[in-house]
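Presented below is the structure to which this report refers.
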Ligand SMILES: [Zn+2]
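Residue numbers (my numbering): 398 to 473.
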């Protein structure tokens, strides 16, 4: 019986990571550097600035999606 090496809270028996941290690792592997950017830009801030940054980060993603959609529509 050991503690999860990432959160150091949950108990693990046969692996290094608990299921919650394993899910986070999967997201990290999927989004790579983008995961780090969002964590650093959003979470490492005061609560008021977090709210602003969340909206700002989401806005970037929405703009990227809209651009992709427009490009895809033009090609079709
Ligand atoms: Zn954990």
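Just so you know, even glycine gets a beta-carbon here, dropped at the ideal spot from N, CA and C. Computed from a predicted structure; not experimentally measured.
Own chain, CB closer than 7 Å to residue i, minus 5 neighbours either side, in chain order
| i | result |
| --- | --- |
| residue 443 | none |
| residue 422 | 414 |
| residue 398 | 408 and 410 |
Own chain residues within Cβ distance below 8 Å of residue i, not counting five before or after
| i | result |
| --- | --- |
| residue 439 | 447, 450, 451 and 454 |
| residue 404 | 415, 417 and 418 |
Beta-ladder partner(s) of residue i, from DSSP
| i | result |
| --- | --- |
| residue 400 | 408 |
Beta-carbon contacts of residue i that lie in its chain and below 6 Å, excluding the five residues immediately before and after
| i | result |
| --- | --- |
| residue 425 | 432 |
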